[in-house]
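Data first, discussion second: the structure below is written as structure tokens.
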Amino acid sequence: MVTKLEKDLTNIGKRVKELRVSKGYTSYRHFADTFEIEPKSVWRLEEGQSDFKYSSLKRILEALDTTVDDFFKMA
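Our numbering runs 28 ahead of the 1-based position in the sequence shown.
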């Protein structure tokens, strides 16, 4: 059975991926390399594979020129 946390992590990851692609970064690896972020961290967040740290989400969103507040207002 999928928990609420797992659903939330998956939904956040999907939204981050959609935002990344909409900004023209079709490859998570290219995006990660451009902003000096560990590619595995980007992939795991986008795939909902881990309960990420707030600082990781914040750094990725800042690279996408989006604040955490704005990201969650988009929901």
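Here a beta-carbon is modelled for each residue, glycine too, at the ideal position from N, C-alpha and C.
Considering Cα atoms alone, identify which of the options is closest to residue i.
i      : options                         : result
Leu-92 : Gly-76, Lys-101, Glu-46, Lys-81 : Glu-46
Arg-48 : Met-29, Leu-85, Asp-36          : Leu-85
Glu-90 : Trp-71, Glu-64, Lys-68          : Glu-64
Per DSSP, what kind of secondary structure is residue i in: helix, strand or coil?
i      : result
Phe-80 : coil
Thr-38 : helix
Lys-68 : helix
Ser-50 : helix
Asp-93 : coil
What does the Cβ neighbour count give for residue i, buried or exposed, with the cut at 16 atoms within 10 Å?
i      : result
Arg-56 : Per the sequence shown, residue 56 should be read as Tyr rather than Arg. Tyr-56 is buried by the Cβ-count criterion.
Phe-59 : buried
Considering just the uninterrupted stretch of the alpha helix (DSSP H) at residue i, what are its terminal residues?
i      : result
Val-30 : Careful: Val-30 lies outside any alpha helix (DSSP H) and carries neither H nor E.
Phe-63 : First-last for Phe-63: undefined, no H or E at that position.
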